[in-house]
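In the numbering used here, the protein residues as written are 20 to 498.
Here is the structure we will look at, set down as structure tokens.
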Amino acid sequence: MIVAEHIGNGDLRIIDRLREPVRLGSGLRNGDLTPETKTRALNCLERFGERIGHLPPGAVRAVGTNTLRQLHDSYRFLKQAGKALRHPIDVISGIEEARLIYLGVAHTLQSDQRRLVVDIGGGSTELIVGEQFQPLTMESVYAGCISVGRRAFGDGKLSHKAMRNAQLLARQEFELVGGTFRDQQWQAVVGASGTIRAVRNVAVANGLTAEHHQGELSRDAVNAICEMVADAGTIDDLQLAGLKEDRRAVFPGGVAVLKAVFDELEIDFMSVSDGALREGLMFDLIGRRGADDVRQRSVADLASRYHVDPQRLQGIRDTATRLFRACRDAWELDLPDGEKFIDWAALLHPIGLDIAHSGYHKHGAYIIANADLSGFSREEKQLLALLVKGHRRKFPLAEVKALRGLWRRSAARTLALLRLAVILHRGRTTPPDEMSPNAKEATLKLSIPTSWLEQHPLTAAELQQEQRHLKAAGLQLLI
Numbered sequence: 020m021i022v023a024e025h026i027g028n029g030d031l032r033i034i035d036r037l038r039e040p041v042r043l044g045s046g047l048r049n050g051d052l053t054p055e056t057k058t059r060a061l062n063c064l065e066r067f068g069e070r071i072g073h074l075p076p077g078a079v080r081a082v083g084t085n086t087l088r089q090l091h092d093s094y095r096f097l098k099q100a101g102k103a104l105r106h107p108i109d110v111i112s113g114i115e116e117a118r119l120i121y122l123g124v125a126h127t128l129q130s131d132q133r134r135l136v137v138d139i140g141g142g143s144t145e146l147i148v149g150e151q152f153q154p155l156t157m158e159s160v161y162a163g164c165i166s167v168g169r170r171a172f173g174d175g176k177l178s179h180k181a182m183r184n185a186q187l188l189a190r191q192e193f194e195l196v197g198g199t200f201r202d203q204q205w206q207a208v209v210g211a212s213g214t215i216r217a218v219r220n221v222a223v224a225n226g227l228t229a230e231h232h233q234g235e236l237s238r239d240a241v242n243a244i245c246e247m248v249a250d251a252g253t254i255d256d257l258q259l260a261g262l263k264e265d266r267r268a269v270f271p272g273g274v275a276v277l278k279a280v281f282d283e284l285e286i287d288f289m290s291v292s293d294g295a296l297r298e299g300l301m302f303d304l305i306g307r308r309g310a311d312d313v314r315q316r317s318v319a320d321l322a323s324r325y326h327v328d329p330q331r332l333q334g335i336r337d338t339a340t341r342l343f344r345a346c347r348d349a350w351e352l353d354l355p356d357g358e359k360f361i362d363w364a365a366l367l368h369p370i371g372l373d374i375a376h377s378g379y380h381k382h383g384a385y386i387i388a389n390a391d392l393s394g395f396s397r398e399e400k401q402l403l404a405l406l407v408k409g410h411r412r413k414f415p416l417a418e419v420k421a422l423r424g425l426w427r428r429s430a431a432r433t434l435a436l437l438r439l440a441v442i443l444h445r446g447r448t449t450p451p452d453e454m455s456p457n458a459k460e461a462t463l464k465l466s467i468p469t470s471w472l473e474q475h476p477l478t479a480a481e482l483q484q485e486q487r488h489l490k491a492a493g494l495q496l497l498i
């Protein structure tokens, strides 16, 4: 965990860094965490929560990566974890993890060269090629220091045969993307993880850095360290200068994965960055709070891909936002970035028409749920997909109940407002300026001039039908 202060111009001043090696991946068994691992993780989060629990929600971002992606029932654990931390925890995809890692690294480098960034985690390795602050190619490969180490060194024994097997296991995964990345013509390679920093520290402590590449890892150094690890005989007997005790158990798997990366991508030298996922989260959070929210670009790109005309939908977006603002306080719409989400849903609600008119709301939700949307966590994509799916027909109560507990009521009421905005603009109609929304408890009174309703009988009929739909959701609509 890092605590930082935004000092302007997109810069951060690091105030504090806290690190506790929990190693969730080591406790993953058949899609669930062992009780010991859960306890260790929750205790750690409680300690972190003591430091940041007082901070407002918009000032904290906590994410889970590969291990939480693999949990069969992550919702229950995330609920406990969020309570311990006193802030919600999002699960992000491998591609989103790669984007954030690159963002963290890019802010620590001065060079404008095209660069390859490598981050070896416990369960996966992220590979990114980019220029300046823009990632160009990203992949998340299922090969990490824990996942490979468990398969190759699960019995705690180290040997040259086991090391070769570990490298082969990892390289088989990297082979699938090796050609794509070798063709990217990067000018520099940067490592950005605790695993790579640990290998670099061992190389420095053992005099394995190249004379003209001080501080960098060379292919020869990685090869030599692999030999040193294999010679140790067992993980318990692994004693290397520069290797910290809390890294020893996962170091053999980590260096095997790193050698596979060097070999498959034909890397000669790799520099090491202090910035990675945590720093990337910080810079992304600054963007969310300012004008550079990458999610906005993702939504615009998706709308363009599915031939949505933003100008044609501006009326729905304006009305949805107007309703949201009018009801926000009375309905306690405390959904994070709720105003953004209702606007994004208003823009994206017709994307399913590019597939078929019948059930287009379901097609649109499927597209959103399965697309790589930069900046969005798994839970945020779930929310956006729900809003798009639920903008017409039956109110999706089951999907609302599946949302994170703190989001359910706000999401249901935000969806109700989106549905009304869509109805009020159906058939290219425009709601009257005199329309006045007034929310109180579970009731929304929508004051619309009788003359306007008489001139738009189809809209009036749909509003009456919507009263029945919203009643099923526990909301009363008065016209």
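Built from N, CA and C at the ideal position, the CB exists for glycine as well.
Q206 is positioned such that its CB atom lies closer than 8 Å to that of Q132. Here I244 carries a helix assignment [DSSP, helix/strand/coil].
Taking every protein chain shown into account, the CB of P329 has fewer than 16 other CB atoms within 10 angstroms, so this residue is exposed. For Q495, the pairing in a beta bridge is given by DSSP as T462.
Taking every protein chain shown into account, the CB of A295 has 16 or more other CB atoms within 10 angstroms, so this residue is buried.
Setting aside the 5 residues that flank it on each side, S466 is surrounded in the same chain by S455, each with a C-beta closer than 6 Å to its C-beta; the list follows chain order. Residue state for P154 is assigned as strand, using DSSP reduced to three classes. The alpha carbon of R134 has as its nearest neighbour, out of T144, L119, L155, the alpha carbon of L155. In this structure, P40 and L177 do not form a Cβ contact; the two beta carbons are roughly 20 Å apart against a cut-off of 8 Å. For F302, DSSP records no beta bridge to any residue. With contacts defined by Cβ atoms closer than 8 Å, G123 and N85 do not form a contacting pair. Residue pairing for G149: DSSP places it in a beta bridge opposite R134, P154. For G101, the CB contacts under 6 Å within the same chain, skipping 5 residues up- and downstream, are P107, I108 in chain order. In the DSSP assignment, R66 falls within the alpha helix (DSSP H) that extends over 54-71. Taking the CA atoms as reference points, T144 sits about 55 Å from A479. H376 counts as exposed, since fewer than 16 other C-beta atoms from the protein chains shown sit within 10 angstroms of its C-beta. N457 sits in a strand when the DSSP states are folded into three classes. Note that the region 317-331 does not touch the region 410-426; fewer than 3 beta-carbon pairs, one per stretch, sit closer than 8 Å.
Rounded to the nearest whole angstrom, the C-alpha separation of V318 and A181 is 47 Å. Per the C-alpha coordinates, the member of E283, K413, D356, I120 positioned closest to T199 is E283. The beta carbon of H382 lies closer than 6 Å to those of G371, I374 in the same chain, with the five residues before and after it left out. By the beta-carbon neighbour count (other beta carbons within 10 angstroms, threshold 16), R316 is exposed. D51 and I286 have their C-alpha atoms some 36 Å from each other. Distance check between L259 and each of A217, D356, L87 places A217 closest, using alpha-carbon atoms only. Pairing V221 with K57, the inter-Cα distance amounts to about 31 Å. Annotation: the continuous alpha helix (DSSP H) that includes L436 extends over 427-443. Between the alpha carbons of A458 and H73 lies a gap of roughly 30 Å. Here G446 carries a helix assignment [DSSP, helix/strand/coil]. If you check the CB distance, G394 and D312 come in under 8 Å.
Annotated as proximal: L434 and L406, with beta-carbon spacing under 8 Å.
Going by C-alpha positions, V82 is about 28 Å away from L262. The DSSP-derived three-state label of A222 is helix. Assignment of M20 by DSSP, reduced to helix, strand and coil, places it in the coil class. DSSP places R170 in the helix class (H, G or I) of the three-state scheme. Distances from the alpha-carbon of A117 to those of R267, L31, E298 put E298 closest.
Here the alpha carbons of D138 and C245 stand approximately 18 Å from one another.
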